[in-house]
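Student:
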Amino acid sequence: MNEYFLLPLASLPFPNINPILIQIGPLAVHWYGVGYIVGILFAWWYAKRLAANPKLWPDGILPMKPEDLDDFIVWAAIGVVLGGRTGYVLFYDLARYIAHPLDIFAVWQGGMSFHGGLLGVILAMTLFSIKRGIRTWSLFDVVAAGVPVGLGLVRVANFINSELWGRPTDVPWAIEFPNGGPFTRHPSQLYEALLEGLVLFLVLRILTHSRLKLKMPRFVGGAFICGYGLSRIFVEFFREPDQQLGYLLGTTWLTMGMILSTPMVLAGIWAMATAKPVTQSQPQAT
13 MNEYFLLPLA SLPFPNINPI LIQIGPLAVH WYGVGYIVGI LFAWWYAKRL
63 AANPKLWPDG ILPMKPEDLD DFIVWAAIGV VLGGRTGYVL FYDLARYIAH
113 PLDIFAVWQG GMSFHGGLLG VILAMTLFSI KRGIRTWSLF DVVAAGVPVG
163 LGLVRVANFI NSELWGRPTD VPWAIEFPNG GPFTRHPSQL YEALLEGLVL
213 FLVLRILTHS RLKLKMPRFV GGAFICGYGL SRIFVEFFRE PDQQLGYLLG
263 TTWLTMGMIL STPMVLAGIW AMATAKPVTQ SQPQAT
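All you need for our numbering is the position in the sequence shown, starting with 1, plus 12.
Printed below as a string of structure tokens:
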């Protein structure tokens with residue numbers, strides 16, 4: 013028995029958690045959907061806490077009313093779903109959806125793009141902030157600060173669904189996914205959950221509460237965009253590319269995720285580098 017425990021660990025067993033959390037007749041609640049819902053609700057709750065704390069804002073004057081964020085959650089949900097689905101169709105599998113356009117509406121089959129969802133939320137924030145007279149970048153900052161929690165939950169749901177797994181490897185923590193072929197693979201979904209979720213959330217928490225960067229509109233939002241982009245590019249080296257795309261430009265490493273994340277890193281660096289402290293006497297610029 014002692015010799016058994018001294019043997020090198022070839023792989024970890026896949027937990028085989030049912031992707032369906034609860035099912036009542038034809039109604040099924042999936043972990044993936046729960047991750048999205050909990051993520052949106054947490055970001056809404058956390059944004060309200062940030063927006064209500066005068067110590068975090070220039071001159072101690074709150075940037076928006078609590079009911080503004082209550083109303084914005086609907087806009088955010090629509091932006092995430094429509095943007096995420098549209099992004100997946102355009103960026104990852106356009107040929108299939110041109111051939112079968114009705115499949116665009118079959119969201120229960122999976123297929124959401126973070127980059128598309130981000131663009132959808134940015135559009136929603138811009139329109140909403142203009143309508144309410146809120147500084148757009150301040151709205152972006154408070155929303156972005158809580159988003160990593162939802163990202164982490166959705167990546168854990170990807171792991172439960174045995175999807176978006178990593179490249180073949182022989183590291184001791186490799187996992188043989190039930191639909192990943194006869195290979196042990198990187199659990200890249202968990203890498204993303206750790207970096208895009210826990211680590212990024214903690215970094216943004218330090219920026220908002222210790223460094224008081226909410227007093228510099230677009231710094232926290234820029235940190236989020238840059239941090240996500242860097243995390244995604246790093247994990248893409250361990251993640252299996254989408255089968256319909258593979259590696260791009262004749263390489264054995266470049267993926268669509270890297271290409272879409274690179275502009276995020278640059279935009280995030282720009283946002284942080286150009287962010288400046290403001291006072292509430294300044295106009296509500298977008």
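Glycine included, C-beta positions come from ideal geometry on N, C-alpha and C.
To which residues of the same chain is L207 closer than 6 Å at the C-beta, ignoring the five residues directly before and after it?
Tutor: Once the five neighbours on either side are set aside, the close Cβ partners of L207 are S243.
Student: Could you check how far apart the C-beta atoms of V92 and G129 are, in whole angstroms? I think they sit under 8 Å.
Tutor: At roughly 5 Å, the Cβ-Cβ gap stays under 8 Å, so V92 and G129 are in contact.
Student: Enumerate in chain order the residues of its own chain whose CB-to-CB distance from T148 is below 7 Å, with the five nearest sequence positions on each side excluded.
Tutor: Counting only Cβ-Cβ distances below 7 Å, and skipping sequence neighbours, we find M137, T138, S141 and T298.
Student: For W185 and R167, I'd like the C-alpha separation in whole angstroms.
Tutor: If you take the alpha carbons of W185 and R167, they lie about 17 Å apart.
Student: So what does DSSP say about R244, is it helix, strand or coil?
Tutor: Helix, per DSSP.
Student: Looking at V46 and L62, is the spacing between their C-beta atoms short of 8 Å?
Tutor: The answer is no: Cβ separation not under 8 Å.
Student: Going by CA-CA distance only, name the one from F26, F189, A285 and F213 that's closest to G234.
Tutor: Among F26, F189, A285 and F213, the Cα nearest to that of G234 is on A285.
Student: Quick one, are the C-beta atoms of G239 and T274 less than 8 Å apart?
Tutor: Against a cut-off of 8 Å, the Cβ pair of T274 and G239 comes out as no contact.
Student: Determine the direct distance from the alpha carbon of D254 to that of L260, and round the result to whole angstroms.
Tutor: Going from the Cα of L260 to the Cα of D254 covers about 11 Å.
Student: For a quick check, are the C-beta atoms of V232 and L216 less than 8 Å apart?
Tutor: Cβ distance < 8 Å, so V232 and L216 count as in contact.
Student: Under a three-way DSSP split, which group does S41 fall into?
Tutor: The sequence given here places Val at residue 41; Ser does not occur at that position. Three-state result, V41: strand.
Student: How would you write the range of the beta strand (DSSP E) that L33 sits in, first residue to last?
Tutor: Unbroken beta strand (DSSP E) run through L33: I32 to I36.
Student: Any idea if A287 is buried or exposed, counting beta-carbon neighbours within 10 angstroms, 16 or more meaning buried?
Tutor: Burial call: buried.
Student: Please classify L114 as buried or exposed, where buried requires at least 16 other C-beta atoms within 10 Å of its C-beta.
Tutor: Exposed.
Student: Helix, strand or coil, according to DSSP, for F26 in the structure here?
Tutor: F26: coil per DSSP, three-state reduction.
Student: Count the other CB atoms, across all protein chains shown, that sit within 10 Å of the CB of G193; report buried if there are 16 or more and exposed otherwise.
Tutor: Exposed, since its Cβ has fewer than 16 Cβ neighbours within 10 Å.
Student: Note the first and the last residue of the continuous alpha helix (DSSP H) segment covering E79.
Tutor: That run of the alpha helix (DSSP H) goes P78 to Y104.
Student: By the DSSP assignment, the alpha helix (DSSP H) with K288 in it spans what residues?
Tutor: Per DSSP, K288 belongs to no alpha helix (DSSP H) and is neither H nor E.
Student: Using a 10 Å radius around the Cβ and a threshold of 16 neighbouring Cβ atoms, would you call N170 buried or exposed?
Tutor: The residue in question, N170, is buried, as its Cβ has 16 or more Cβ neighbours within 10 Å.
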